[in-house]
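Residue numbering for the sequence shown follows the numbering used here, starting at -7 and increasing by one per position. From the three backbone atoms N, C-alpha and C, an ideal C-beta is built for every residue, glycine too. What follows is a short report on a single structure.
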Amino acid sequence: MQQSVGVSAQKWVWRAMVRSALVPLVLVETVLIAVYLISNNLIRETNMDYLYQKADSELQISAQRESGIIREQILSISRQTEIYRAETKRVLTDEHFFVSDAEKSNYAVSAKGVFHSVTDLNGAASFYSAATPLSKQDHEKVWRLSQLDPLMKQIKENNPLIAAAYFNSWDSYNRIYPWFFTPDQYPAEMIIPDYNFYYLADGKNNPSRTAKWTDVYIDPAGNGWMASCIAPVYNGDFLEGVVGLDITVGSIIEKIQGLEIPWGGYAILVNNNGNIMALPPEGEVDFGLNELTTHSYQEAIKKEIFKPEQFNLFLRKESQQIIADIKNSVSGNGFLTLKGNKKLIAWNTIPETRWKLITIVDENQVYAETNSLAKQFEQIGYLMIAGLGLFYMVFIFFIWLSSRSMSKSISEPLLHMKGMVDQIGREEYQLDKPEFRIAELQGTASAIVNMGKKLDEITCALRRAKEDADSANKTKGLFLSSMSHELRTPLNAILGFGQLLQKDDNKLSVRDRKDYIDEIMTAGTHLLNLIDDVLNLSHIESKGSLLKIEPVDAIRVIKECNEMLRPMAVKEQLSLSAELPETMVLVMADSTRLRQILINLLSNAIKYNYLNGKINVSAEIKDKYLRISVRDSGRGISPEKQTELFTPFNRLGHETSGIKGTGIGLSISKQLIESMNGRIGFSSQWQKGSVFWIDLLLVDNPVGLLSDAAITDNYPAEITPEKYHILCVGCDQESVWRLERLSGQNQVIISSAFSAENALTMLNQIHPHLILVDTHLHDMDAYVLLQQLRQSEIAKCVPVIAVTDAMMSVSQMETSELAFDYVLISPMDVSHAWAVIQKMLNYTP
């Protein structure tokens, strides 16, 4: 059998690469190198002439450019000096100022009579010279100037050139930042106006009162050789002092060393008198000088010290030939001989200070660089040839490696994807998306990455669900703990007084027994109110959207609530007044819930008021809302507790005050008013009183609503029949009997029906004005009965009140079309129930 002869894939790839890439590349590179060598020679000859002509021009441009950079720095410092001067004038002339106790306590008087700062408070140092007697020193000025410490610190830290910021006064007071111990540095009787950093800014030397720069001098504060930008601070025409910002010679040299001077040159800075202000190390060699940047402070500086004459460029013999040009010209160029070497120089003047920046370059360096560059280009050509040979050796080896790696192009991606799947198995879902050359493998890897993202999202969702469940359990625990405490308090009172009555051996007087019974009734009433409020809160949270929102006359509701609570206010010796519009104002609200909110706000104003206090209810229209405000003159709410006001069960410290309450009323009111698209808020002053307000949306078109069927608030209009009939369906007979006793049986007739069928039969006989329905009927569901009543011509507009011990079941079955007008909690608080019945019937006994 004849064996087939073929070429391996690796050899085939290798040959293809050589034919398609290597041979054409060698030809192209050879042509390019030849073109480079020929063109380089032509360019060299052309550029040499051009570079000779441009050398002087480039140096002049460099001087102008770099002097512009230094000018910007100087202008920046000058502007900061102006800002510092303006702030100093302000603090010296302001009517009011503030100084901390720490600042005042940080001063002492030395044995030589210097008033100075003692320690560093992260601010400025202070020095009041003994040249001004202590009795004549203006310490108020010291306190005023202490307000500038943050500004001085900011100026120093924001500009690295600035070494210090200071203020010197006419009476030899100095305030300087950064802080140092001034008595160790300054002479005790230092007369500051005798120094150039003061007198150069006075009226004689600076009549224009602008910022001005000093010559280089020894800094008395210990910072060595420096120059200052100073500006006078006048109060009217009186020179209060001088502000200044110091820059050290060292920092100027650092700035100049950072300038980009061509051909390895350097720059020096000369003032208008010829004094060299900054000389870099290269200049020290050429000029034979050592720059003065530091000073040995063996003793305090008692007089001003300037640079010696050898630093004056205009006095040097080797520079006399060009001095006249430098003095008289703003800019220019020329030659300067230093130590026998010819130097090319160019200068430019900074107009604000008349300083001159002089750039200096060795002539040999200028032309040597040009010749060296041409030679380097030639050498580069030869290196390129050598490099090309080396490159192709490496390139051929690389192609061989590439052909070998082709066999791994499939196996390695598969191994990588296996590792990705293993990562997912370890619950490491965040996978890096790899890049493969083969599209099919790339698509598979992308699918694995997307699968990891999906699994990560599912895992995170499950984790969040677990955290939410844990949070809900924690909230439930806190609620049960709070409820346990609130329920235990009245129950303990009931059990305690009950046990006292149970153990009584006829030793208690009738008065004591009555007091115990009153306490039991009070605790029981509180317990019933607490349960009522908690169920009411649960009802609102679960079915807040089932409110019956309709046009309601808010003024009428306010008046009714005022009259309902007026007896309670009179009992507490409080005056209750109202400031209301004379005409009706229609708002969109649930009338029953609006009454509940207003009763809660008014009862709080009564409970937390002082004896003989005042309560005022007002209403005013603001934009699209009616604002109802309840103002009291009571205790008020302390600022630290105001954020907790609407928290359920939080009575803001009144738990043990003896004032009855559950701490839920305001929370319920907030949820109710927000469910009616309204707002609630308050303002309070401790021990002065509070104002609680609610905003309700006004009816858009009240005219169309005021027809013959005017607003009724769900209750009958002012009807005064001879008898009011109340039908109680399935209600507890003891509660019915107590209602009959409260009504007095004059105008109110209370009838009982023991079943739903009985109640429907009695409708045609008594025509009730109000119906009470116990939700635990044995023959019919309470909501089925309610539906039949609403469908009846006799009872469709009659208010129906539910009596239940299961508020949650009532809340869950309500709908927006079918709901009881009010819900009473069983066992029934008869007094509360009678008050509700009176309001719904508009009945006054």
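- For R623, the uninterrupted beta strand (DSSP E) run begins and ends at Y617 to D624, by DSSP.
- With contacts defined by Cβ atoms closer than 8 Å, I607 and L568 form a contacting pair.
- Remark: C-beta atoms of K335 and I352 approach each other more closely than 8 Å.
- Within the DSSP secondary-structure output, H108 pairs in a beta bridge with A100 and F119.
- For Q146, the three-state secondary structure derived from DSSP is helix.
- Residue nearest to V134 within the set A439, E95 and A219 is E95 (criterion: CA-CA distance).
- When C-beta atoms of the region 814 to 827 are compared with those of the region 720 to 727, three or more pairs fall below 8 Å, so the two segments count as touching.
- Residue environment: F390 is assigned as exposed (fewer than 16 neighbouring CB atoms within 10 Å of its CB, all protein chains considered).
- Annotation for F428: P405, Q434 and A437 place their beta carbon closer than 7 Å to its own, counting only its chain and skipping 5 residues before and after.
- For R167, the uninterrupted beta strand (DSSP E) run begins and ends at Y165 to Y169, by DSSP.
- Straight-line measurement puts the Cα of S243 at about 23 Å from the Cα of L192.
- Taking 8 Å as the cut-off, the Cβ atoms of L349 and I62 count as close.
- E64 places its beta carbon 8 Å or farther from that of A223.
- By alpha-carbon distance to D130, the top candidate from P631, Y165 and S97 is Y165.
- Sorting G256, K540, L594 and D624 by C-alpha distance to the C-alpha of R585 places K540 at the top.
- Per the coordinates, the alpha-carbon of L810 lies some 14 Å from the alpha-carbon of D773.
- A distance below 8 Å between beta-carbons, with the five flanking residues on each side excluded, links K104 to the following residues of its chain, in chain order: A122, P175, A180 and E181.
- Exposed is the label assigned to Q679, since fewer than 16 other Cβ atoms lie within 10 Å of its Cβ.
- A distance below 8 Å separates the beta carbons of L769 and S747.
- Within the same chain, and ignoring the five residues on either side of S675 in sequence, the residues whose Cβ sits closer than 6 Å to its Cβ are V683.
- A residue is called buried when at least 16 other Cβ atoms come within 10 angstroms of its Cβ; I829 meets this threshold and is buried.
- Counting only runs of at least 3 residues, the region 407 to 443 fully encloses no beta strand (DSSP E) element at all.
- Residue state for A259 is assigned as strand, using DSSP reduced to three classes.
- When the beta-carbon positions are compared, S220 and G233 stay at least 8 Å from each other.
- Counting the other CB atoms within 10 Å of its CB gives T767 a total of 16 or more, which places it among the buried residues.
- Between the alpha carbons of L382 and L153 lies a gap of roughly 51 Å.
- In this structure, F89 places its C-beta atom within 8 Å of the C-beta atom of R136.
- Under the three-state reduction of DSSP output, R136 falls in the helix class.
- Check the Cα spacing between V622 and each of I591, D615 and Y602: the tightest is with I591.
- The region 597 to 606 and the region 558 to 565 touch, with three or more beta-carbon pairs separated by less than 8 Å.
- M668 counts as buried, since at least 16 other C-beta atoms from the protein chains shown sit within 10 angstroms of its C-beta.
- Excluding the 5 residues flanking it on each side, M269 has same chain C-beta neighbours closer than 6 Å at V208, L261 and N263, in chain order.
- Restricted to the region 720 to 754, the beta strand (DSSP E) segments that are unbroken, complete and at least 3 residues in length are 740 to 745, listed in chain order.
- If you compare the alpha carbons of V544, L593, E632 and K446 with that of A561, the shortest gap goes to L593.
- Taking C-alpha positions only, S118 is separated from N304 by approximately 35 Å.
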